[in-house]
Amino acid sequence: MPAAMDLPDIEAAHTDLPIDVNQPTTEEIRMAVRQIKSGEAAGPDNIPAEALKSDVEVTTSMLYLIFKKIWDE
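All residue numbers for the sequence shown refer to UniProt numbering, where the first residue is 1 and numbers rise by one.
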């Protein structure tokens, strides 16, 4: 068994981080769509990134409506 090392006192991480639980804004959605990596395999929804990014405004509007329905329920 290795010898015990003297470890410095390490302060515990804060767990009360602010988390925004509000509905995403259209600007947040637009930024997220633009950040999707192109040229990779589609996810479980089978929608390729290129399709989502081909018209960012249409994708943003569609996702906003979906998220709104989720948040309103």
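Backbone N, C-alpha and C define an ideal beta-carbon position, used for all residues, glycine too.
Asked: Between which two residues does the alpha helix (DSSP H) harbouring I19 extend?; Found: Segment: none, I19 is in no alpha helix (DSSP H) and carries neither H nor E.
Asked: Keeping to the same chain, check which residues put their C-beta closer than 8 angstroms to that of K37; ignore five residues upstream and five downstream.; Found: A49
Asked: Classify E28 as helix, strand or coil using the three-state DSSP reduction.; Found: helix
Asked: For F67, which residues from the same chain have a beta carbon less than 8 angstroms from its beta carbon, with the 5 sequence-adjacent residues on both sides left out?; Found: Q23, P24, I29
Asked: How long is the line joining the alpha carbons of T60 and V33, rounded to whole angstroms?; Found: 7 angstroms
Asked: Grab me the residues of L63's own chain with a C-beta within less than 7 angstroms of its C-beta, minus the 5 sequence neighbours each way, in chain order.; Found: I29
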